[in-house]
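So the protein sequences, as listed, match chains A and B. Okay, so the first sequence: first residue is -5 according to our numbering, each after it adds one. Okay, so the second sequence: first residue is 74 according to our numbering, each after it adds one. Reading through the structure tokens given below for one structure.
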Amino acid sequence: MNADGNLSALSAFCAALSERAAGKDFIFVASEETAEKELKDLLPFSSESLSPSIEGAVMSAAGFALAGRKPWLIGRAADIAGRCYSRIREAIVQTGLPVRIVSFDGGISCVHEGASSQMLEDIALMRAMPRMNVIVPADEETAVRVIEAGDEISCPFYMRLDGAALSQKYENASEPFHIGGARILRGGGGVTICACGAMVARALKAAERLEMQNINAEVIDCYSLKPFAENVLLSSVRRTGCCVAASEENAFGGLFGAVAECLGRTYPVPLRSVAVGDEFVNSGTQEELCEYYGLTWKEIVDAAAQVWALRRR
Amino acid sequence: MDEKKFAKLNNISAEVRKDILRMVGIARSGPLEKSLSAASLLVYLYWEEMLFVPGEPRREDRDRFMTDVPEAVPALYAVLARRGFFEREHLWHYRRLGAMLQALPDFGRIPGVDAPCVAARPQIAMAGALARELFPAESSPRVIFLTDEKNLLCDEFIADLKKSSGKYTPNLLVLVLQNLRGDTARIAAPARLSSFGWDVREAFSSDFESLENAFMSFNFAEGAPKALVALQSEDVFVKLEHSEAFRSLSMGELDMALEELEEKSNER
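This is the structure:
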């Protein structure tokens, strides 16, 4: 844990979880290392895992779910989506067990650790898994709503906490959360900007700059990557005729994939991606990495200006 | 064990083995050796030891069975069918497109299957967590987890065993299939399991009397988690040329193997 933003994302999530779990049927599992380091001071509960490893924690979560519980499985994105992929697939998702999976250090949050710890393809991996639901909250309010809805959700889901996402607060937060939903944070008819997680704040900043250039951007917080809120996207691009997808991940298979799949199938419009290209990332500070890999509001402005010029009329 | 019960179990085991051969033979794909050798053990469990009602496969107070040995899945299917969880007709569609009995059990779709069988091993933490959740219940159902001796060579499995012994799960029973042939015969499974604080017994997987004695000596209401090392003797195997874990049988081989099984069951 090294990025301040990421620390706040996990802290904010754990604080919300602790507050809402008190007196409820709450159970969480994590690897011994995560439970004793990252989560020790954040959660007033101990991990119930019957294994010291993260792989065993996945199996423990499945075991608790078999007994009728709805456990939270918490771990680093690289561990969960990387090391545990086949176990999550077979033990949890194939069987439809209601395990709530939360990953932290997703995207470029784990800035000094280098490519092995910076999991940029976790969302793509989880999206590709049949019957898996994928959520990337952009603010604390959404994370809280996921926690509150957690008891009602009877299917497995993967939630990624990335960057400084949860430190933000947005208007329209009263819009009800549901798996498969999205929020329009700023209305506009010039260009549609789809974003998730930490990129939502940058998308809003880009929208302000675009307004100065007389391009009225509509910013959609696509917190549900799968199922994807296709109706919200289509309703927006039918007005704007162009779209940008911005997410702190690899450009293949994540938010850009979801947007391209929907638009390509239904209503093709000029589309650009603001994400990391086909490469593994280096270590550095978060600001350096954002600049270097093109994940700032400036790239969103550039991409929006390009698609706006080519927009479908 | 009285002779009548012994004869009954022997007869059922022979029929289950024939069903395993038929289903794998008809599918022309599937594991044979481990299934055939695990058949008696599963028959003993499902006819003598486990508590369940076939007509109510989701009853809360039933004992649960799970395995992380994919090679034993045909034996489980054959036992569940013969025990009345579903029609035997399903066995002849094993591994077919759209059939209920797929290569690995589709948990939730097959009556009597209590947990998924995950190819990514080990799965013992799942069994431990389930046992831990079920233990405080009034009826304290048991969780019986079938694995094989190869897991004892896996660091992760060992770490999970140690961790499980620290949690209070007296209703957890791990059955370790130990083949008496080959390299793994040298693994001192009982000593290894005992050293982690488990309550361990040893029995022959096809000897009902030794299985009964082992089970009767366990107290599932208290104490450490239990382990039973089930030694696999050779005499239950069908002698197949080029015996491999996964292979397809020709119809000729299937006929010969069924005949051999018939002779063996008559001898017993």
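Positions of the beta carbon are idealized from the N, C-alpha and C atoms, including for glycine. None of these values were measured; they are calculated from a predicted model.
Three or more Cβ pairs closer than 8 Å define a contact, and the stretch 168 to 182 of chain A meets that threshold against the stretch 140 to 152 of chain A. Not one beta carbon of chain B lies nearer than 8 Å to the beta carbon of S148 (chain A). For A29 (chain A), same chain residues with a beta-carbon under 6 Å away, outside a window of 5 residues either side, are S41 in chain order. At a cut-off of 8 Å between beta carbons, A6 (chain A) makes no contact with chain B. Contacts with chain B at 8 Å (Cβ-Cβ) do not include P124 (chain A). L284 (chain B) is classed as buried because its beta carbon has at least 16 other beta carbons within 10 Å across all chains shown.
The beta-bridge partner set that DSSP reports for Q305 (chain B) consists of B:N252. Annotation: S45 (chain A) to M289 (chain B) spans about 29 Å, alpha carbon to alpha carbon.
In chain order, L44, S45, P46 make up the part of chain A whose C-beta sits under 7 Å from the C-beta of K236 (chain B). Contact annotation: in the stretch 123 to 135 of chain B, no residue has its CB less than 8 Å from a CB in chain A. Interface with chain B (8 Å Cβ-Cβ cutoff): M120 (chain A) is excluded. Against chain A, the beta carbon of Q196 (chain B) has neighbours under 8 Å at M53, A85, listed in chain order.
Here A239 (chain A) carries a strand assignment [DSSP, helix/strand/coil]. Ranked by Cα distance from S229 (chain A), the options A:M113, A:W302, A:V263 are led by A:V263. The secondary-structure analysis by DSSP pairs S12 (chain A) with nothing; it has no beta-bridge partner. Here the C-alpha atom of A192 (chain A) lies approximately 46 Å from the C-alpha atom of R132 (chain B). For the pair C237 (chain A) and M53 (chain A), the Cα-to-Cα distance works out to about 41 Å. Nearest CB-CB separation between L207 (chain B) and chain A: below the 8 Å threshold. About 19 Å separates the CB atoms of R215 (chain B) and F269 (chain B); that is not less than 8 Å, and the two are not in contact. Per the C-alpha coordinates, the member of A:M206, A:M126, A:A75, A:I178 positioned closest to A195 (chain A) is A:I178. With fewer than 16 other CB atoms across the displayed protein chains lying within 10 angstroms of its CB, M324 (chain B) is exposed. Contact check for V87 (chain A) and R121 (chain A): beta-carbon distance about 12 Å, past the 8 Å limit, so the pair fails to qualify. Excluding five sequence positions before and after N244 (chain A), the CB atoms of its chain that fall closer than 7 Å to its own CB belong to L114, E115, A118, A269, V270, given in chain order.
Annotation for R232 (chain A): the continuous alpha helix (DSSP H) segment containing it runs 224 to 234. A straight-line Cα-Cα distance of about 33 Å links H166 (chain B) and A204 (chain B). Taking C-beta atoms as the reference points, C188 (chain A) and I214 (chain A) count as a pair closer than 8 Å. Interface residue (Cβ-Cβ distance to chain B less than 8 Å): G57 (chain A) is classified as such.
At a cut-off of 4 residues, the continuous stretches assigned as alpha helix (DSSP H) that sit fully inside the stretch 95 to 182 of chain A are 116 to 122, 134 to 144. DSSP places G69 (chain A) in the strand class (E or B) of the three-state scheme.
Beta-carbon to beta-carbon, L225 (chain B) and A262 (chain B) are separated by about 6 Å, close enough to satisfy the 8 Å threshold. Apart from sequence neighbours up to five positions away, the residues of its chain that approach S43 (chain A) with a beta-carbon distance below 6 Å are V23, A51, S54, ordered along the chain. It is roughly 15 Å from the alpha-carbon of R169 (chain B) to the alpha-carbon of I93 (chain B). By the CB criterion at 8 Å, A72 (chain A) and D35 (chain A) fall outside the cutoff. If you check the CB distance, N244 (chain B) and F291 (chain B) do not come in under 8 Å. Contact of K240 (chain B) with chain A by beta-carbon distance below 9 Å involves E42, L44. In this structure E84 (chain A) is buried. Its beta-carbon is surrounded by 16 or more other beta-carbon atoms within 10 angstroms.
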